[in-house]
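All remarks here apply to the structure that follows.
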Amino acid sequence: MSDNNLDMLLASCIHDMKNSIIMILNSIDEIQDNQALADSNEKQLANLRYEASRLNNDLMHLLGVYRYEDNSLPLIIDEMEVWELLHEVHLRNQVLIEKYGHTFELNCDEDEIWYCDYNLVASVINNIIVNTVRYTKTKILVKAEITNDMLCIQVNDDGLGYPDNMLMKPYEPKGINFRNGSTSLGLYFASCVAKLHRRKEQTGYIELSNGGELGGGLFSIYIP
């Protein structure tokens with residue numbers, strides 16, 4: 001099989017699996033809308049939604065990383081309303097957040113405009129929020145502001161924070177530990193997306209730290 005045919009097969013398989021996961025997520029929504037569930041069943045459905053969302057993100061990022069390494073990941077820079085992007089990602093995960101009993105706060109100027117690839121940045125933030133749902137205790141805080149002529153989007157939680165090995169290792173393919181699930185793959189994809197965004201001498205990047213306003217894990221992506 002030629003490399004081109006293998007590439008097409010990989011992309012086709014990933015899209016097929018992604019479509020199946022979307023059907024699962026839609027079925028979960030229908031069950032929750034049409035049936036009064038016991039608390040234990042609600043929790044099980046929330047866990048199922050979390051795992052399906054995480055797998056969906058993994059597949060998207062696997063394909064994205066593959067295309068990035070192949071220099072074929074499309075970058076579409078356009079004007080975007082930052083608040084609208086973050087609000088849309090929140091709505092996408094609102095059911096999941098509420099089923100886990102967490103609160104969500106969005107702190108962003110509603111009139112803020114920036115230029116970036118809307119879909120790629122939204123995918124990065126979506127993945128971070130999905131993972132944060134599992135590890136935060138009670139709250140997720142998403143902030144966006146302009147700092148040093150770059151758009152900085154942060155996701156903060158009140159959980160135990162990122163482990164030391166994640167804070168110290170570089171975001172390179174050799175640093176990925178696939179036993180950790182989507183977290184490492186998602187972070188590497190986030191780093192790839194950030195690096196694709198360049199303006200003059202500035203290149204995008206991501207940072208991990210602990211603390212922030214909520215005292216837990218703090219993810220930051222900087223877009224020039």
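So for the sequence shown, full-length UniProt numbering puts the first residue at 1; every next one is plus one. The C-beta atom is built at its ideal place from N, Cα and C for all residues, glycine as well.
Given this structure, state the Cα-to-Cα distance separating residue i from residue j, to the nearest angstrom.
i	j	result
Leu185	Asp58	7 Å
Arg134	Asp109	27 Å
Leu91	Asn165	32 Å
Glu84	Leu106	11 Å
Lys18	Leu55	8 Å
Tyr68	Ile146	27 Å
Arg49	Ile97	10 Å
Asp70	Val124	19 Å
Leu151	Tyr115	9 Å
Thr183	Ala190	Any reading at Thr183 must be qualified, since the residue scores a pLDDT of 45, below 50, and its modelled position is unreliable; the value itself is stated next. Each residue's Cα considered, the two are about 10 Å apart.
Leu214	Pro74	35 Å
Val121	Ala46	25 Å
Pro163	Asn26	34 Å
Leu141	Phe104	6 Å
Leu218	Ser72	30 Å
Glu51	Lys137	18 Å
Asp78	Leu86	16 Å
Glu201	Tyr100	42 Å
Ile21	Leu63	15 Å
Asp111	Met80	10 Å
Lys195	Thr203	6 Å
With a cut-off of 8 Å on the beta carbons, I'd call residue i and residue j a contact; round off their distance for me.
i	j	result
Gly216	Asp158	5 Å
Leu167	Ser209	7 Å
Val65	Tyr188	6 Å
Ile76	Asp117	5 Å
Lys139	His102	6 Å
Val82	Ala144	5 Å
Val89	Ile129	6 Å
Asn119	His61	With 8 Å as the limit, Asn119 and His61 do not qualify as a contact, their Cβ atoms being about 13 Å apart.
Thr132	Val155	6 Å
When burial is assigned at 16 or more other CB atoms within 10 Å of the CB, is residue i buried or exposed?
i	result
Gly161	buried
Ile113	exposed
Met23	exposed
Pro173	Low confidence applies here, because Pro173 scores a pLDDT of 49, under 50, leaving its location unreliable; read the following figure in that light. The residue is exposed, with fewer than 16 neighbouring Cβ atoms inside 10 Å.
Arg199	exposed
Asn93	buried
Pro224	buried
Ser53	buried
Asn148	exposed
Tyr222	buried
Flag residue i as yes if its beta-carbon sits less than 7 Å from any beta-carbon of chain B, otherwise no.
i	result
Lys137	The structure shown contains no chain B; it is built from a single protein chain.
> Residue ranges of each beta strand (DSSP E) run of no fewer than 3 residues wholly in the segment 48-126, ordered along the chain?
Replying inline: You should have 78-81, 103-107 and 113-116.
> Can you list, in chain order, the stretches of the alpha helix (DSSP H) that have 4 or more residues and sit fully within the segment 136-213?
Replying inline: 164-168 and 182-196
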